[in-house]
Structures are given as C-alpha cells and as structure tokens.
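A.B. asks:
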Amino acid sequence: MKEFLLIFRLSSVPTSSPSPEQMQERMNWLASVAAQNKLADKGNRLAYANAKTVKPGDIVTDGPFTEIKEFITGYMVVKTATIEEAVELAKANPILKMGGSVEVRTILTPDEKA
Amino acid sequence: MKKLNELLPHLFRLEYSKMTAVLCRHFGLQHIETAEDIASETFLKATETWGVNGIPENPTAWLYTVAKNKTKDHLKRLSIFETRIKGNIQPEAAHTEPDFDFTQQTIADSQLAMIFAVCNPANSTEAQICLALQILCGFSVEEIANAFLTGKETVKKRLLRARASLRNDNFQIKQLTEDAIRSRLDTVLRTLYLLFNEGYFSRSGDHLVRKDLCSEAIRLTLILVENPLTNTTKANALLALMCFQSSRLDARADDAGDAILFEQQDKTLWSKELIEKGNYYFVNACSGNDLSKYHLEAGIAYWHAAPANKNKWAHILELYNQLILLEYSPMTALNRTFAFAKVYGNESAIVEAEKLGLEEINYYHSLLGYLYAGIDTGKAIAHYTTAIRLTRSPSEKKTLAKEIERLVQKNGPPPL
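As they're listed, the protein sequences go chains Z and E.
Every letter in the first sequence is one number past the one before it in my numbering, and letter 99, counting from 1, is 99.
Every letter in the second sequence is one number past the one before it in my numbering, and letter 350, counting from 1, is 1350.
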C-alpha cells in the first residue's frame, strides 16, 4: 500500500455555508473511503479567513487569495495500491460538483527519491 | 430427584464463579487452583448431601457456609504443615479464622477485581474470552468448545497459557487500584463486548448457548456499572448496546432455531423491558463528551429497536459513517452499505458495495444478493450461492437457500 495526499481546491469562497445535504454528501464520501479501508488520515478542512502568507524579507500578506487562483480548502491522506485507485476515490468527491478540483500527490517515504 | 438435577447445575453456574472470586481474593491469584478446588469440593458435597437429605431451605447460604468451613479446614491443615512439618512458626497462618465473608458486598468487590485480573492485555483475544468464560462465568471446557465450535483440546491449550499468565501476572486482586482500572478498563470492556458478540452472532446454532453468553456478558457489565470506580460513560454505552441487542434475542430465531431476518421478525416478541433498560443506560452514556464505538453501536441499536420513524435509516447511516471513520472493520463496512441502500436505494448501494471488494466474506455476497434481488435475479442468485458456499453456519445456509427459492418462484429459474 502506498499513501497519497489529496489536496482539495476551490476557485471562489462559497457565499453560503454548506447545506445539510452537502454536508451529508461529504460525510458519505469520506465514510465510503473508510469503508474500503483506504483512509490513512482524515486530514483537515482549512479556514477561508484568517490566513497569512510569509515571504522572504519579512513580508507577510493576508491570505493566499491575491496570487493563487484556486485556494486549498482541505487535505487528507488515502492508502491505495496505485495512484489510479487514489484517483478513482477522488473522482467521487463532491467538491468536483462545485467546480473545485482534487490534486493527488504521492507521499514519499524517507528513503524514496522525489 | 429431578428437582435436584435442575437446581444444582443452575446454582453451579450462578455461584461457582462468585465463590472462586471471593476465595481468590483471599488466597491471591497464585493459588487460584486452591480456590477452585474448594469451590468444586463444595458443590461435590452438595450433590452427595442433598441427594440423601434433600435440598436445604436456603441452598445458596448452605453452599457458602460449607465453602467457608472448607477454607477454615484448608488453612488449619496449612498451619499444621507450616508449624509441625516445616518447623517454622508463622503467626499469620496460625490463626485459622478466614478474614472474609460471602456477603453481597464482598462478592461484588471480588467479582469486579476478578474481571480486571482476567482481562490481561497480554492475552490473545481468543484466550481472553475462553478465560473469561471459564473463570468469570463458570463454563466448562466442553461448553466453551461448544460456543466456539472448536475442539476441546484447542480450548484447553488456550486456557493453559492464559491461566499461566494469570498466575504469574502479580495482579493485585485484594484492592483494585485506580492504576489497574486505568490501564485495563479498555481491555475489560473489549472482552465483555466480544463475549456478548460471541453469543449474539454465535457460530453455535444452539439458541440456549447463545442466550447464556449474552446474559453472562450483561451480568458482568452490570457489575462494572454498579461500582462507582468503573461506572464510566463507555461502560454505560456498552451495557445499553447489550440491552438493545438482547431485546431482540427471542425474535431472532424460530422454533426450529433458524435465524429470522430483521424485517421478518415479530416485533411483539421484542422485550420492552430490555429496550427501556437500554434507554436508561444510553442516557447515562451520553452524559459526557465521550464518543466511543460502543456509543455509536448503541446508537445504531437504539434506532433498530425504536418504533418506525421516517428518518431512521438516515440516522443509522450517519452513525455507521462515524463508526467506520473511528475504526475500520469489514462488518461495519458491509452494515454501512446496507444502511446506505435503505437511504439511497439499492442501485447506488450496489456501486458502493462492489467497491468494498470483500470477496472472501459470506456477508459481502449475501448483501449483494439482497441488493440485486429486485434488479438482476441472476446476479442475486449467484451471490447468494457464493454466500452459502462461504458460510459455515447451517442456519445461515438454510436462510439463504430459502431466499434463492423465493427468487426462483417469483422470477423463474435463472438463465444459465
């Protein structure tokens, strides 16, 4: 089994908080990954507000919004045999319905080469 | 005579483990065999005496008086041996009045301590349950083998190892320390949970054996809940789960001992009393911020036992979602999919189910058989057939065969 990081992105801040149906859909998706015994780490959601970016030269800016078109809303780790399987899991994530995207990245073990 | 034949096994089951627990607390766990010998001799004497003189007015009190006298005799012999034969006078062994009594309180305290002594995290799960059944519930090797559907030799081997670790564990049984409770309570709860499941989902077809295991698990969990030291929200959640599940025990098997599916059960056979008890402990369990798998499973069992409610399956699915995130198990994954079908329909559930890939598990195929039943009869029958091949339980095989027959009658034979 290999581990893959799923990074969830949206291009705009949702104007309203998710409906109960949307929450339910997310929960069903997460539980479905767990039910396949492919969940390594539930990860976390990330807040839209209260974000800072730190740059060289003691520059701190508010949020990642100014420079990145799609900002990260959350992440989690799955464990599957291949990256294709991880992609299959990502394809069912409800964020895609909102125009968001999921980036799938291979997590390296300490002795692996990037 | 018939009455005696019924009474003695009953009393044995009820009192043997209590007696051993009190004696063990007195002698220490290294001498568990001495304690068991005294308890066995007591019951032997009861068989002889009651057979001739009839059953005494208060059989339980009689048993405890005899056990106490036998303990005195044992200590006297021990002190004679120590002073005259070994030649060293030990003042402690010299006074032969045992400093304990078989009062309700002593029995309860001893049993609680014994539960913690038996539940050693070092033991394997199987050995753990065997040991609990033997020492805490007074089951014979044969009864344990029956419940597990394994050979007596296997059970003996498991017990031998587990008993050695019990004797050498140096567990302080006299006074149950907070430390012991902290480090072992989870193992204790797990053992009782498994003990209950062994009964509720037993491989043994014998309905009585199953009920016995369930009621023993409840009795032991009740000991935990009745003691302030161990009356935690988790223990209450576990007890609530057991009560809810047990409420359906009588409705789950027909007169021939065959399993009856949930939807076909006669709900008037469900025990109202146990459901109410379950509710009581469930409220206690939810009084803190703890959320254990026992809480979630009790919640699911609550909805199963509750009267019809249009959101029932949505609630159950939500709880299964949380449960699978807390701890993966194939059974939870399959049960979750069943709840998913109830909320989102069989077709979406088939997609979910087939992702699980639990080809080796009979329930995977019986679930798919159930889901395909109204959609693709051929596939339904194929899955039911695989499930029959994989299951070892005769009553399960029968139930599944009946389902196939029902499908064939409704839709004609499958196209082969």
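Note that beta-carbon positions come from the ideal geometry of N, C-alpha and C, so glycine has one too.
Under 8 Å Cβ-Cβ, which residues of chain E neighbour L6 of chain Z?
C.D. replies: Stepping through the first sequence from its first residue, residue 6 of chain Z is reached at position 6. Per Cβ cutoff of 8 Å: no residues; L6 of chain Z is ~15 Å from chain E at best.
A.B. asks: Can you name the residues of chain Z whose CB is closer than 9 Å to the CB of L1349 of chain E?
C.D. replies: Indexing the second sequence from 1 puts residue 1349 of chain E at position 349. In the sequence under discussion, the amino acid at residue 1349 of chain E is Ala, which differs from the Leu named in the question. By Cβ distance, chain Z contributes nothing, its closest Cβ being about 11 Å from A1349 of chain E, past 9 Å.
A.B. asks: For the candidate residues E:N1053, E:F1081, E:F1102 and E:E1057, whose alpha-carbon lies nearest to that of N1069 of chain E?
C.D. replies: Working through the second sequence from its first residue, we reach residue 1069 of chain E at position 69. When each option's Cα is compared against that of N1069 of chain E, the closest is E:F1102.
A.B. asks: Scan the segment 1184 to 1214 of chain E for residues whose Cβ lies nearer than 9 Å to a Cβ of chain Z and list them as they occur along the chain.
C.D. replies: Listed by position, the residues of the segment 1184 to 1214 of chain E near chain Z (Cβ gap below 9 Å) amount to none.
A.B. asks: Using beta-carbon positions only, say whether Y1294 of chain E and L1213 of chain E come within less than 7 Å of one another.
C.D. replies: Taking the second sequence and counting its residues from 1, the one referred to as residue 1294 of chain E is at position 294. Taking the second sequence and counting its residues from 1, the one referred to as residue 1213 of chain E is at position 213. Not in contact: Y1294 of chain E and L1213 of chain E (Cβ atoms no closer than 7 Å).
A.B. asks: Buried or exposed, going by whether 16 or more other CB atoms sit within 10 Å of the CB of R1077 of chain E?
C.D. replies: Position 77 of the second sequence, counted from the start, is the residue given in the question as residue 1077 of chain E. With fewer than 16 other Cβ atoms within 10 Å, it is exposed.
A.B. asks: Establish whether the CB of N93 of chain Z and some CB of chain E are separated by less than 7 Å.
C.D. replies: The sequence position of residue 93 of chain Z within the first sequence is 93, counting from 1. Not closer than 7 Å to any Cβ of chain E, the Cβ of N93 of chain Z fails to qualify, so no.
A.B. asks: Thinking C-alpha only, which one of Z:E84, Z:Q24, Z:L6 and Z:A40 is nearest H1315 of chain E?
C.D. replies: Residue numbering aside, residue 1315 of chain E sits at position 315 when the second sequence is read from its first letter. Closest option to H1315 of chain E, Cα to Cα, is Z:Q24.
A.B. asks: Who are M76 of chain Z's beta bridge partners in DSSP?
C.D. replies: Taking the first sequence and counting its residues from 1, the one referred to as residue 76 of chain Z is at position 76. DSSP, once it has assigned bridges, lists Z:L6 as partnering M76 of chain Z.
A.B. asks: For a cutoff of 7 Å on Cβ pairs, would you count A81 of chain Z as touching chain E?
C.D. replies: Mapped onto the first sequence, residue 81 of chain Z falls at position 81. No, A81 of chain Z does not count as interfacial toward chain E.
A.B. asks: Listing by chain order, which chain Z residues have their CB less than 7 Å from the CB of Y1328 of chain E?
C.D. replies: On the second sequence, position 328 is the one that residue 1328 of chain E refers to. Those are A34 and N37, listed as they occur along chain Z.
A.B. asks: Which value, in whole angstroms, describes the spacing of the CA atoms of M1019 of chain E and S1215 of chain E?
C.D. replies: In the second sequence, the residue the question calls residue 1019 of chain E occupies position 19. In the second sequence, the residue the question calls residue 1215 of chain E occupies position 215. Whole-angstrom Cα-Cα distance: 19 Å.
A.B. asks: Can you confirm whether the segment 1238 to 1249 of chain E touches the segment 1276 to 1295 of chain E when touching is taken to mean that 3 or more C-beta pairs between the two stretches lie within less than 8 Å?
C.D. replies: Judged by Cβ distances under 8 Å, the segment 1276 to 1295 of chain E makes contact with the segment 1238 to 1249 of chain E, as three or more pairs qualify.
A.B. asks: Taking 7 Å as the CB-CB cut-off, is T1230 of chain E touching chain Z?
C.D. replies: Looking up residue 1230 of chain E in the second sequence gives position 230. No, because no Cβ of chain Z sits closer than 7 Å to the Cβ of T1230 of chain E.
A.B. asks: Any beta carbon from chain Z within less than 7 Å of N1362 of chain E's own beta carbon?
C.D. replies: Reading the second sequence from its first residue, position 362 is the one you call residue 1362 of chain E. No, N1362 of chain E does not count as interfacial toward chain Z.
A.B. asks: If you scan the segment 1231 to 1284 of chain E from start to end, which runs of the alpha helix (DSSP H) of 4 or more residues do you find wholly inside it?
C.D. replies: Listed in chain order, they are 1233 to 1246.
A.B. asks: In terms of residues, what are the limits of the alpha helix (DSSP H) holding I1404 of chain E?
C.D. replies: Stepping through the second sequence from its first residue, residue 1404 of chain E is reached at position 404. First-last of the alpha helix (DSSP H) with I1404 of chain E: P1394 to N1411.
A.B. asks: With a cut-off of 7 Å, does the C-beta of L1367 of chain E fall near any C-beta of chain Z?
C.D. replies: Indexing the second sequence from 1 puts residue 1367 of chain E at position 367. Not closer than 7 Å to any Cβ of chain Z, the Cβ of L1367 of chain E fails to qualify, so no.
A.B. asks: Return the CA-CA distance between Q1322 of chain E and P1330 of chain E, expressed in angstroms with no decimal places.
C.D. replies: Taking the first residue of the second sequence as position 1, residue 1322 of chain E is located at position 322. Taking the first residue of the second sequence as position 1, residue 1330 of chain E is located at position 330. Each residue's alpha carbon lies about 15 Å from the other.
A.B. asks: So is G1356 of chain E in contact with chain Z if we call contact Cβ pairs under 7 Å?
C.D. replies: What you label residue 1356 of chain E is simply residue 356 of the second sequence in a count that begins at 1. The amino acid at residue 1356 of chain E is misidentified as Gly; the sequence shows Leu. So yes, L1356 of chain E belongs to the interface.
A.B. asks: What residues of chain E sit near K2 of chain Z, judged by a beta carbon separation below 7 Å?
C.D. replies: On the first sequence, position 2 is the one that residue 2 of chain Z refers to. None at all; the shortest Cβ gap to chain E is about 17 Å.
A.B. asks: Any beta-carbon of chain E closer than 7 Å to the one on A90 of chain Z?
C.D. replies: The residue labelled residue 90 of chain Z in the question sits at position 90 within the first sequence. Answer no: the Cβ-Cβ gap between A90 of chain Z and chain E never drops below 7 Å.
A.B. asks: From the DSSP output, read off the bridge partner residues of L1319 of chain E.
C.D. replies: Looking up residue 1319 of chain E in the second sequence gives position 319. According to DSSP, which records beta bridges pairwise, L1319 of chain E is partnered with nothing at all.
A.B. asks: Take V1225 of chain E as the anchor and find which of E:L1185, E:T1049 and E:L1195 has the nearest alpha-carbon.
C.D. replies: Start at 1 with the first residue of the second sequence, and residue 1225 of chain E comes out as number 225. Comparing Cα positions, the closest option is E:L1185.
A.B. asks: Between the C-alpha atoms of D1233 of chain E and F1244 of chain E, what's the straight-line distance to the nearest angstrom?
C.D. replies: The residue given as residue 1233 of chain E occupies position 233 in the second sequence. The residue given as residue 1244 of chain E occupies position 244 in the second sequence. The question names Asp, but residue 1233 of chain E in the sequence shown is Thr. Distance between the alpha carbons of T1233 of chain E and F1244 of chain E: 16 Å.
A.B. asks: Mind pulling the chain E residues with CB within less than 8 Å of L30 of chain Z?
C.D. replies: As a first step, residue 30 of chain Z must be located in the first sequence, where it is residue number 30. Correct list: N1321 and L1325.
A.B. asks: On the criterion of 16 or more Cβ atoms from any shown chain inside 10 Å, does R1406 of chain E qualify as buried, or is it exposed?
C.D. replies: To locate residue 1406 of chain E, count along the second sequence from 1; it is residue 406. Exposed: under 16 other Cβ atoms inside 10 Å.
A.B. asks: Could you compute how far the alpha carbon of L30 of chain Z sits from the alpha carbon of L39 of chain Z?
C.D. replies: Reading the first sequence from its first residue, position 30 is the one you call residue 30 of chain Z. Reading the first sequence from its first residue, position 39 is the one you call residue 39 of chain Z. Distance between the alpha carbons of L30 of chain Z and L39 of chain Z: 8 Å.
A.B. asks: Can you name, in chain order, every residue of its own chain whose Cβ lies under 7 Å from the Cβ of N1346 of chain E, other than the five neighbours on each side?
C.D. replies: Against the second sequence, residue 1346 of chain E aligns to sequence position 346. The answer, listed in chain order, is L1371, G1374 and I1375.
A.B. asks: Could one say the Cβ of M23 of chain Z lies closer than 7 Å to chain E's Cβ atoms, at least one of them?
C.D. replies: In the first sequence, counting from the first residue as 1, residue 23 of chain Z sits at position 23. Not an interface residue.
A.B. asks: Which whole-angstrom value describes the C-beta separation of L1192 of chain E and L1220 of chain E, a residue pair presumed to lie in contact below a C-beta threshold of 8 Å?
C.D. replies: Translated into the one-based positions of the second sequence, residue 1192 of chain E becomes position 192. Translated into the one-based positions of the second sequence, residue 1220 of chain E becomes position 220. At roughly 6 Å, the Cβ-Cβ gap stays under 8 Å, so L1192 of chain E and L1220 of chain E are in contact.
A.B. asks: Could you work out which residues of chain E lie near K97 of chain Z, taking near to mean beta carbons separated by less than 8 Å?
C.D. replies: Taking the first sequence and counting its residues from 1, one reaches residue 97 of chain Z at position 97. Under the 8 Å cutoff, chain E gives no residues; its nearest Cβ is about 16 Å from K97 of chain Z.
A.B. asks: Any idea which residues DSSP pairs E1354 of chain E with across the strands?
C.D. replies: The residue labelled residue 1354 of chain E in the question sits at position 354 within the second sequence. In the DSSP output, where bridge partners are listed per residue, E1354 of chain E has none listed.
A.B. asks: Which one or two residues does DSSP pair with D62 of chain Z in a beta bridge?
C.D. replies: One-based indexing of the first sequence puts residue 62 of chain Z at position 62. Z:K52, per the DSSP bridge assignment.
A.B. asks: Answer yes or no: do R1167 of chain E and Q1030 of chain E have a C-beta to C-beta separation smaller than 7 Å?
C.D. replies: Here residue 1167 of chain E refers to the residue found at position 167 when the second sequence is read from its first residue. Here residue 1030 of chain E refers to the residue found at position 30 when the second sequence is read from its first residue. Yes, the pair counts as a contact, with Cβ atoms nearer than the cut-off.
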